[in-house]
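Protein chains in written order, with our numbering: chain A, 1 to 179; chain B, 1 to 179.
Where a beta carbon is used, it is the ideal one built from N, C-alpha and C, also for glycine.
Worksheet for the structure shown next.
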DNA sequence: GACTACATGTAAGACGTTACATGATTTA
DNA sequence: TAAATCATGTAACGTCTTACATGTAGTC
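This is the structure in structure tokens:
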């Protein structure tokens with residue numbers, strides 16, 4: 001039985017020591033969010049389904065009068081997570097990038113304009129990611145994903161800046177560039 | 001009234017001269033697919049909705065006994081497309097990358113393994129994109145999106161190869177690397 | 001007393017893929 | 001005549017976001 005997309009992130013986060021739906025969401029929002037988002041509307045129902053399937057086990061641990069359920073992996077849950085981690089099925093990825101779509105359809109002077117917006121987006125990306133404290137776990141891949149995110153946005157900002165310059169230097173194309 | 005995600009790609013493709021749902025899908029599959037996919041299940045219903053909203057106009061133009069509807073933009077459709085292209089609302093993007101998620105949860109020797117898979121994925125990406133004929137339109141952004149796709153995958157393959165080397169050189173981390 | 005953080009949850013709707021169904025035309 | 005291509009479409013299902021609802025605990 002396949003793990004649903006959200007199940008993957010939940011199982012992983014629980015193994016990392018996150019015990020409640022709330023805690024899982026907190027960590028997602030400052031870490032995997034950039035390549036794997038999840039909302040409460042997915043998390044809570046999925047926690048229930050995972051418990052029904054016996055992959056996690058919840059215990060009511062109210063803190064004061066505050067309702068609270070701590071989850072942990074069952075042996076079956078550990079296995080399911082590990083099986084997914086070990087599988088060498090091709091890794092799926094999908095991207096939805098409005099900037100690239102706009103650029104695809106842009107013509108004439110719009111092109112330079114759109115490229116600028118794209119570059120600005122990557123520059124904001126660098127800033128946002130730099131604000132995140134890199135996880136200090138010694139032996140795990142998490143910090144590398146953050147490094148990659150920063151490096152990618154830096155590289156992309158540079159690439160689009162170069163593209164802007166290339167465009168400006170070719171006066172045969174794009175009236176605006178030569179003006 | 002906002003354009004739905006699929007409406008954006010449809011309007012743009014029609015302006016590019018693609019007239020039928022089938023043609024739109026063909027071009028999407030060899031161009032925007034990598035940053036903006038669309039399936040028949042989205043395209044045909046959306047064509048209908050766009051016509052109801054008066055943004056496109058369809059004409060039955062059977063070729064032989066083969067049913068066929070050619071669409072074109074109405075003036076309102078042109079305006080709606082241009083409005084979206086011109087808007088400087090922040091550009092949305094979302095990524096769902098199973099490789100990065102795996103890496104986030106990987107520990108010990110798994111880390112190097114996952115990085116290798118990610119690098120392989122980008123190498124395949126370069127190859128796939130190189131097979132696409134760059135559109136020869138002189139004055140539009142489309143060819144740049146392909147250039148970017150190739151450059152990104154090349155850069156990423158390189159970055160992950162470097163990461164592998166860095167990992168192998170730090171024997172304090174990851175038993176497998178030192179063995 | 002007000003605000004923030006902790007904590008859980010649902011309902012409606014938007015979005016998207018997959019698999020299926022149908023049939024004509026062209027090419028090998 | 002078989003296969004590929006052109007062409008249109010839907011139904012079922014899975015996924016995800018947004019907005020809402022509720023209440024406690026700690027802090028300023």
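Cβ-based neighbour list, residue 166 of chain A, same chain, cut-off 7 Å, excluding 5 preceding and 5 following: none
Closer than 8 Å at the beta carbon, the chain B residues around residue 9 of chain A: 101
Identity of the residue in B/160, B/98, B/132 nearest residue 27 of chain B by Cα: B/132
Straight-line gap, residue 178 of chain B to residue 168 of chain B (C-alpha atoms, nearest Å): Annotation note: pLDDT 37 at residue 178 of chain B (below 50); position unreliable, no value reported.
Any chain A beta carbon closer than 8 Å to residue 111 of chain B: yes
Residue 98 of chain B: contacting residues in chain A (beta-carbon distance under 7 Å): 91, 92, 93
Opening and closing residue of the beta strand (DSSP E) in which residue 69 of chain B lies: If you look at residue 69 of chain B, you'll find it in the beta strand (DSSP E) that goes 69 to 73.
Nearest-angstrom Cα separation, counted from residue 31 of chain A out to residue 56 of chain B: Taking the straight line from one Cα to the other gives about 42 Å.
Contact set for residue 175 of chain B: own chain, Cβ-Cβ below 7 Å, skip 5 residues either direction: For residue 175 of chain B, the pLDDT reaches just 45, beneath the cut-off of 50, and the residue's location in the model is therefore unreliable, leaving the point undetermined.
Where residue 121 of chain B meets chain A, residues with beta-carbon distance less than 8 Å: 90, 91, 93
Endpoints, the alpha helix (DSSP H) within which residue 29 of chain A is located: 21 to 29
DSSP bridge partner residues for residue 58 of chain A (one or two, in chain order): A/71
Three-state class that DSSP yields for residue 175 of chain A in the structure shown: Residue placement at residue 175 of chain A is flagged as unreliable, the pLDDT there being 45, under the threshold of 50; the coordinate-derived value follows with that caveat. Three-state DSSP puts residue 175 of chain A in a helix.
For residue 105 of chain B and residue 143 of chain A, the rounded distance between their alpha carbons: 10 Å
Chain-ordered neighbours of residue 20 of chain A on chain B, where CB pairs are closer than 7 Å: Result: empty, since nearest Cβ-Cβ is about 18 Å, beyond 7 Å.
Cβ-based contacts, 7 Å cut-off: residues of the region 129 to 147 of chain B near chain A: For the region 129 to 147 of chain B, which is checked against every Cβ of chain A, the residues closer than 7 Å are 138, 139, 140, 141, 142, 144, 145.
Selected residue, minimal CA-CA separation from residue 92 of chain A, among B/90, B/88, B/101: B/101
Pair within 8 Å by beta-carbon distance, residue 118 of chain B and residue 99 of chain B: Cβ atoms of residue 118 of chain B and residue 99 of chain B: closer than 8 Å.
Residue nearest to residue 47 of chain B in terms of C-alpha spacing, selected from B/73, B/79, B/122: B/73
Chain A residues whose Cβ lies nearer than 7 Å to that of residue 85 of chain B: Chain A residues near residue 85 of chain B: 102, 105, 106, 110.
Own chain, CB closer than 6 Å to residue 6 of chain A, minus 5 neighbours either side, in chain order: 38, 42, 46
C-beta atoms of residue 95 of chain A and residue 34 of chain B nearer than 8 Å: yes
When B/139, B/25, B/8, B/23 are compared against residue 83 of chain B, the one with the closest alpha-carbon: The shortest Cα separation from residue 83 of chain B among B/139, B/25, B/8, B/23 belongs to B/8.
Residue 169 of chain A, DSSP secondary structure in three states: helix
Per-residue DSSP class, three states only, for residue 95 of chain B: strand
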